[in-house]
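J.: Take a look at the following structure, please.
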Ligand SMILES: Cc1cc2nc3c(=O)[nH]c(=O)nc-3n(C[C@H](O)[C@H](O)[C@H](O)COP(=O)(O)O)c2cc1C
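Numbering (UniProt numbering), first residue to last: 1 to 339.
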């Protein structure tokens, strides 16, 4: 006899709370969720009103962010005992529908439950923009992060010293270009929130970090021409540990896959007590993005640089409510929306 398991409100709440904890470019949270309870499907839509027109005109970073949320949804479903079936871009007539996660039933005795530490890492992961100690992350942990990217359909390249220098130099060039571009600095600044402002989107000034006094790491300057928001420079780690996340193709579904891989890597690091931050500036200029690709690898489409190490936790950023507001059920399916 087949027992029909039913999604209850608490489960939906937990799934959405996990999804919205994902990182997103400038904390735009560019997703919207819709529940079709009859078919036990969570739809993940883009939120076009939270697009960065100048920084992310192709919406690639938006897809990365949504992919990260999809990874959390899937992980939370497994953790709660459900078997998730993820489809990326399931409807060619509805380009804003980026993914569906269908809960096909309870996990069976033969299903492998996920590592609880990975799920536990979801609320612990924050972007840490402070200097790291410089203590190297042991090779087995780096190998686990690399395997995580691979398992999610992407690659994580960990460069040697010369490769790291090259990637940081390109990021520095991008950072300088962003700085010199009034439109981009203005766009970025609109996503920074002043202390005491209770905004559900954007990055609080308190979560920003200092510039590197050693000028080795071009951390993103979110405050642009407004020096009041800028912290005094601090010395960052001398030996920067970086990973370049890339995929072998550069289509919309690859971007969503890269986002899932990004989140798998970040949660793997977090579960081991490793802090992370992202350097995306070079990806925002087509020539510099191309230049960050692995030399002699024509199939390398880079997406983001992940800096990792030991150090202080990030301050965290707010989220719009993940919980669902039930609406009267329009036929044929009841709907729940959030995001
Ligand atoms: C695609 C992408 C690009 C990002 N780029 C940067 C970046 O260049 N610099 C930075 O400090 N943070 C970057 N972030 C991190 C976001 O700012 C961060 O995830 C967001 O503010 C939410 O905060 P949290 O990660 O602490 O939850 C990026 C995140 C994503 C998903």
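Beta carbons are placed, not taken as given, at the ideal position from N, Cα and C, and that holds for glycine.
Going by beta-carbon coordinates alone, are residue 88 and residue 234 separated by less than 8 angstroms?
T.: The residue given as residue 88 occupies position 88 in the chain shown. The residue given as residue 234 occupies position 234 in the chain shown. Not a contact, by the Cβ cut-off of 8 angstroms.
J.: Could you tell me the distance, in whole angstroms, from the CA atom of residue 226 to the CA atom of residue 7?
T.: Residue 226 sits at position 226 when you count from the first residue of the chain shown. Residue 7 sits at position 7 when you count from the first residue of the chain shown. So the two alpha carbons sit approximately 48 angstroms from each other.
J.: To the nearest angstrom, report how far apart residue 113 and residue 214 are at their CA atoms.
T.: Translated into the one-based positions of the chain shown, residue 113 becomes position 113. Translated into the one-based positions of the chain shown, residue 214 becomes position 214. Cα to Cα, residue 113 sits roughly 45 angstroms from residue 214.
J.: Specify, as a first and last residue, the run of the beta strand (DSSP E) that residue 86 falls within.
T.: Against the chain shown, residue 86 aligns to sequence position 86. Here the beta strand (DSSP E) through residue 86 covers 82-88.
J.: Return the CA-CA distance between residue 47 and residue 31, expressed in angstroms with no decimal places.
T.: Here residue 47 refers to the residue found at position 47 when the chain shown is read from its first residue. Here residue 31 refers to the residue found at position 31 when the chain shown is read from its first residue. Going from the Cα of residue 47 to the Cα of residue 31 covers about 5 angstroms.
J.: Tell me the residue span of the alpha helix (DSSP H) that contains residue 254.
T.: As a first step, residue 254 must be located in the chain shown, where it is residue number 254. Taken as a continuous stretch (DSSP letters only), the alpha helix (DSSP H) holding residue 254 covers 252-271.
J.: Just list the alpha helix (DSSP H) runs in the region 50-116, keeping only unbroken ones of 4 residues or longer that don't cross its boundaries, in chain order.
T.: The qualifying runs are 60-79.
J.: Can you tell me the Cα-Cα spacing of residue 21 and residue 121, whole angstroms?
T.: Numbered from 1 along the chain shown, position 21 holds the residue referred to as residue 21. Numbered from 1 along the chain shown, position 121 holds the residue referred to as residue 121. Going by the C-alpha atoms only, they are around 10 angstroms apart.
J.: Output yes or no for whether 8 angstroms exceeds the beta carbon distance between residue 66 and residue 44.
T.: The residue labelled residue 66 in the question sits at position 66 within the chain shown. The residue labelled residue 44 in the question sits at position 44 within the chain shown. Yes, they are a contact pair.
J.: When the Cα atoms are used, what is the spatial distance from residue 74 to residue 159?
T.: Position 74 of the chain shown holds residue 74. Position 159 of the chain shown holds residue 159. Their backbone Cα atoms lie some 30 angstroms apart in a straight line.
J.: Report yes if the C-beta of residue 14 is less than 7 angstroms from at least one heavy atom of ligand 1; otherwise report no.
T.: If you number the chain shown from 1, residue 14 lands on position 14. Checking the Cβ of residue 14 against ligand 1 gives no.
J.: Which of helix, strand or coil does DSSP assign to residue 9?
T.: Taking the first residue of the chain shown as 1, we reach residue 9 at position 9. Residue state, collapsed to three classes: helix.
J.: Please say whether residue 209 and residue 129 have beta carbons closer to each other than 8 angstroms?
T.: Along the chain shown, one-based indexing puts residue 129 at 129. Along the chain shown, one-based indexing puts residue 209 at 209. In contact: residue 129 and residue 209 (Cβ atoms closer than 8 angstroms).
J.: Can you tell me the Cβ-Cβ gap for residue 12 and residue 35, rounded? I've got them flagged as a contact below 8 angstroms.
T.: Counted from its first residue, the chain shown places residue 12 at position 12. Counted from its first residue, the chain shown places residue 35 at position 35. Rounded, the Cβ-Cβ distance is 6 angstroms, consistent with contact.
J.: Nearest CA to the CA of residue 249: which residue from 299, 242, 279?
T.: Taking the chain shown and counting its residues from 1, one reaches residue 249 at position 249. It is 299.
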